[in-house]
Amino acid sequence: MFAAIKEQHKGVDVCINNAGLAHPDLLLNGKTSGWKNMMDVNVLALSICTREAYQSMKERNVDDGHIININSMCGHRVVPKAVLHFYTATKYAVTALTEGLRQELRAENSHIRATCISPGLVETEFAFRLYSNSPDKASGAYSAYKPLEAIDVANAVTYVLSAPAHVQIGDVQMQGTEQA
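Numbering (our numbering), first residue to last: 15 to 194.
Pasting the structure below:
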């Protein structure tokens, strides 16, 4: 992917890591395959894209780039839903990786910024994939209160990218006003 970006666009100045998924695999009896898939997508793929984006910026002397990780409020609190506990662990990892990245960038005297955007429930296909065997349960996830919409997260990305170059926004935590 990064080779194609280099060929077509010369490199990456802004990387937005936005992949994430959950499987309903509980801590007490979950499937190892589901856990591995969540780690591969939510943690490892994000880390690989981050590394490759940084290398692209570094080789082109881009010192004002930005790496944004779309995280989750689950990266800041453990919700009382067993089907989300392992997912939550992966999102705590994203919080730690973003702060670790910020510290490594500072140690390199880089002005590349690292930010987490941590939304609460967003009306996407997330619940339908999590509860693929129960469409009613998936629909119910979005009917209890008004969730965020994708545009709300996009607006947060725009806000972060529009901050002055000397401003480091570490984390934007956001959720619908009715979400507990």
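C-beta atoms are modelled at their ideal positions from N, C-alpha and C, and glycine is treated no differently.
- With a threshold of 16 other beta carbon atoms within 10 Å, Asp78 falls short and is exposed.
- Within the region 79-138, the beta strand (DSSP E) runs of at least 3 residues that lie entirely inside it are, in chain order, 80-84 and 127-133.
- Cβ contact annotation for Leu111 (same chain, cutoff 8 Å, sequence separation greater than five): Val57, Leu60, Ser61, Thr64 and Asn83, in chain order.
- Counted as a single uninterrupted DSSP element, the beta strand (DSSP E) harbouring Asp185 occupies residues Asp185 to Met188.
- Rounded to whole angstroms, the separation of the alpha carbons of Thr109 and Gly184 is 10 Å.
- A distance of 8 Å or more separates the beta carbons of Pro161 and Val186.
- With a cutoff of 8 Å on beta-carbon distance, His99 and Leu35 are scored as not near each other.
- In this structure the region 114-129 lies against the region 164-184, because at least three pairs of beta carbons, one per stretch, are closer than 8 Å.
- Counting along the chain, no alpha helix (DSSP H) covers Val28; the unbroken beta strand (DSSP E) around it starts and ends at Val28 to Asn31.
- When the beta-carbon positions are compared, Pro38 and Tyr159 stay at least 8 Å from each other.
- Annotation for Ser157: the continuous alpha helix (DSSP H) segment containing it runs Pro149 to Ser157.
- For Met52, the enclosing alpha helix (DSSP H) covers residues Thr46 to Met53.
- With a threshold of 16 other beta carbon atoms within 10 Å, Tyr173 falls short and is exposed.
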